[in-house]
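**Q** The numbering of the sequence shown is my numbering, which starts it at -6 and goes up by one.
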Amino acid sequence: MSGATWQTEALRQQMLVRALWGDAPPAVVGGWLREAPPRAARGLQVYQANAGALAERALAAAFPTVWQLAGETAFAALARAFWRADAPLLGDIAQWGAALPAFIGAAPQLAAEPYLADVARLDWAVHCAEQAADGSGPATGLERLGDTDPAHLRLQLAPGTALVSSAHPVVTIWQAHRSDAVDRFEAVRAAFGRGAGEHALVHRIGFKAVVSAVTEAEASFMQALIEDRSLEHALAAVGADFAFEPWLLAALQQGWLAAVDVDQLSQPGSTA
């Protein structure tokens, strides 16, 4: 294919994508389509309808709590609007949706539901955790905790581990939508009544993601680890109120911790 032919084909595909997104009407791109205009218009309508339905299914799978909170009709409209604003760039549509929480947070029509963006962040963290690589077994390098300066240690959390901090009771909301109890939303109402925010820890047990609430100190400590800070830095971030030993025991029991690594420059024989 010559350079000019390749450029023409690329432009034709670009115009087709614009029509699918609703960014340009079929009449504008008709000259770039191989089909006759009436047939092309009908084809675009079919593709647009299929794209909208695909967006709904993909986002409902990745954001099930948001789907339940919004309701089927409102979520369908949200999914289609998001598709037009941020269509998927990857072939695997299951990887699409990372920008939805920010999209929800910026939507004026959703301003009355300020917690919804953070619930979406939690849903996405769960979605990513369940697609993360499997862990490699028990935590390694634990012996380094006893013989290495914390300034040279980094605690690596298991794949998929994430932290979502919110001014709203996102853990309580998320858990209520996975319960069959008759009074499952009572805790949500109580949490909103207290104005309680929550820190949500997401991690894997087997192939399933688990969401649990952690304290302010635990959240600060684990956020420092997620940012690849040294153990010394992470401990300094939480101060004397944080007890490392109980956290370490819980991390080993729950599978949060993957490894204790030593900085290369602190290894014997290494040079700066």
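Even glycine gets a Cβ: it sits at the ideal position worked out from N, Cα and C. In this text the structure is predicted, and so the values were computed from the model without any measurement.
#1: How long is the line joining the alpha carbons of Ala243 and Glu211, rounded to whole angstroms?
#2: Given this structure, state the Cα-to-Cα distance separating Ala74 from Ala54, to the nearest angstrom.
#3: Please decide whether Phe237 counts as near chain D, where near means a Cβ-Cβ distance under 9 Å.
#4: Give me the residue from Val112, Ser158, Gly248 with the minimum Cα distance to Trp60.
#5: Using 8 Å as the cut-off, can you tell me whether the stretch 150 to 159 makes contact with the stretch 98 to 118, which would need three or more C-beta pairs spanning the two stretches below that distance?
#6: Can you tell me where the beta strand (DSSP E) with Ala126 in it begins and where it stops?
#7: What's the gap between the Cα of Gly139 and the Cα of Glu225?
#8: To the nearest angstrom, report how far apart Asp127 and Ile97 are at their CA atoms.
#9: In terms of alpha-carbon separation, which member of Ala227, Leu52, Ala169 lies closest to Ala69?
#10: Where do the ends of the alpha helix (DSSP H) carrying His226 lie?
#11: Could you give the DSSP three-state label for His161: helix, strand or coil?
#12: To the nearest angstrom, how far is it from the Cα of Thr58 to the Cα of Met215?
#13: Quick one: grab the DSSP three-state call for Ala193.
#14: May I have the straight-line CA-CA distance separating Thr66 from Ala46, to the nearest angstrom?
#15: Can you give me the Cβ contacts of His120 inside the same chain, cut-off strictly under 6 Å, excluding the 5 residues immediately before and after it?
#16: Between Leu275 and the rest of its own chain, which residues show a CB-CB distance below 8 Å, the 5 nearest in sequence each way excluded?
#17: Locate the alpha helix (DSSP H) running through Ala140, then write down its first and last residues.
#18: According to DSSP, what are the bridge partners of Arg147?
#19: From Ala230 to Val255, what does the alpha carbon distance come to, in whole angstroms?
#20: Quick check on DSSP: helix, strand or coil for Val175?
#21: For Val204, which of Ala118, Ser213, Ala236 has the nearest alpha-carbon?
#22: Please classify Thr264: is it buried, with 16 or more other beta-carbons within 10 angstroms of its beta-carbon, or exposed?
#23: In angstroms, rounded to a whole number, what distance separates the CA positions of Gly248 and Pro239?
#24: Output needed for Ala91: all residues of its chain with C-beta closer than 7 Å, excluding positions within five of it in sequence on either side, in chain order.
#25: Out of His145, Ala48, Val164, Leu194, which one is the CA nearest neighbour of Ala122?
#26: Between Glu49 and Ala72, what straight-line distance do the alpha-carbon atoms span, to the nearest angstrom?
**A** So, from the listed chains and residues:
#1: Taking the first residue of the sequence shown as 1, we reach residue 243 at position 250. Taking the first residue of the sequence shown as 1, we reach residue 211 at position 218. A direct Cα-Cα distance of roughly 11 Å separates Ala243 from Glu211.
#2: The count along the sequence shown starts at 1 and reaches residue 74 at position 81. The count along the sequence shown starts at 1 and reaches residue 54 at position 61. Taking the straight line joining both Cα atoms gives about 17 Å.
#3: Structure shown: chain D not included; a single protein chain is present.
#4: Translated into positions along the sequence shown, residue 60 becomes position 67. For Trp60, the nearest C-alpha among the options comes from Val112.
#5: yes
#6: The residue you call residue 126 lines up with position 133 of the sequence shown. Careful: Ala126 lies outside any beta strand (DSSP E) and carries neither H nor E.
#7: Against the sequence shown, residue 139 aligns to sequence position 146. Against the sequence shown, residue 225 aligns to sequence position 232. So the alpha carbons of these two residues sit roughly 14 Å apart.
#8: Here residue 127 is taken as the residue at index 134 of the sequence shown, counted from 1. Here residue 97 is taken as the residue at index 104 of the sequence shown, counted from 1. The straight-line gap from Cα to Cα measures roughly 31 Å.
#9: Position 76 of the sequence shown holds residue 69. Ranking the options by Cα distance to Ala69, first place goes to Leu52.
#10: Reading the sequence shown from its first residue, position 233 is the one you call residue 226. It spans 224 to 231 - the alpha helix (DSSP H) in which His226 sits, taken as one unbroken run.
#11: Against the sequence shown, residue 161 aligns to sequence position 168. His161 falls in the coil class under three-state DSSP.
#12: One-based indexing of the sequence shown puts residue 58 at position 65. One-based indexing of the sequence shown puts residue 215 at position 222. Taking the straight line from one Cα to the other gives about 25 Å.
#13: Indexing the sequence shown from 1 puts residue 193 at position 200. Secondary structure of Ala193 (DSSP, three-state): strand.
#14: Within the sequence shown, the letter at position 73 stands for residue 66. Within the sequence shown, the letter at position 53 stands for residue 46. Rounded to whole angstroms, Thr66 to Ala46 spans 12 Å at the Cα level.
#15: For the purposes of this step, residue 120 is taken as residue 127 along the sequence shown, with counting starting at 1. Taking C-beta separations shorter than 6 Å and ignoring five residues to either side along the sequence, the partners of His120 in its chain run Ala55, following chain order.
#16: What is shown of the chain runs -6 to 265, which leaves residue 275 out entirely.
#17: As a working note, residue 140 is residue 147 in the sequence shown. A quick correction: the sequence has Asp, not Ala, at residue 140. For Asp140, the enclosing alpha helix (DSSP H) starts and ends at 137 to 140.
#18: Locating residue 147 in the sequence shown gives position 154, counting from the first residue. The partner list for Arg147 (beta bridge, DSSP) reads Asp254.
#19: Along the sequence shown, one-based indexing puts residue 230 at 237. Along the sequence shown, one-based indexing puts residue 255 at 262. Approximately 20 Å, taken between the alpha carbons.
#20: The residue labelled residue 175 in the question sits at position 182 within the sequence shown. Coil.
#21: As a working mapping, residue 204 is identified with position 211 in the sequence shown. Cα-wise, what sits closest to Val204 is Ala118.
#22: Position 271 of the sequence shown, counted from the start, is the residue given in the question as residue 264. Residue placement at Thr264 is poorly supported in this model, since its pLDDT is 46, which falls under 50; the coordinates still yield a value, given next. Exposed.
#23: In the sequence shown, the residue the question calls residue 248 occupies position 255. In the sequence shown, the residue the question calls residue 239 occupies position 246. Approximately 14 Å between the Cα atoms of the pair.
#24: Position 98 of the sequence shown, counting from 1, holds the residue named residue 91. Answer for Ala91: Trp117, listed in chain order.
#25: Counting from one through the sequence shown, the residue named residue 122 turns up at place 129. Among His145, Ala48, Val164, Leu194, the Cα nearest to that of Ala122 belongs to Leu194.
#26: Here residue 49 is taken as the residue at index 56 of the sequence shown, counted from 1. Here residue 72 is taken as the residue at index 79 of the sequence shown, counted from 1. Cα-Cα distance, rounded: 5 Å.
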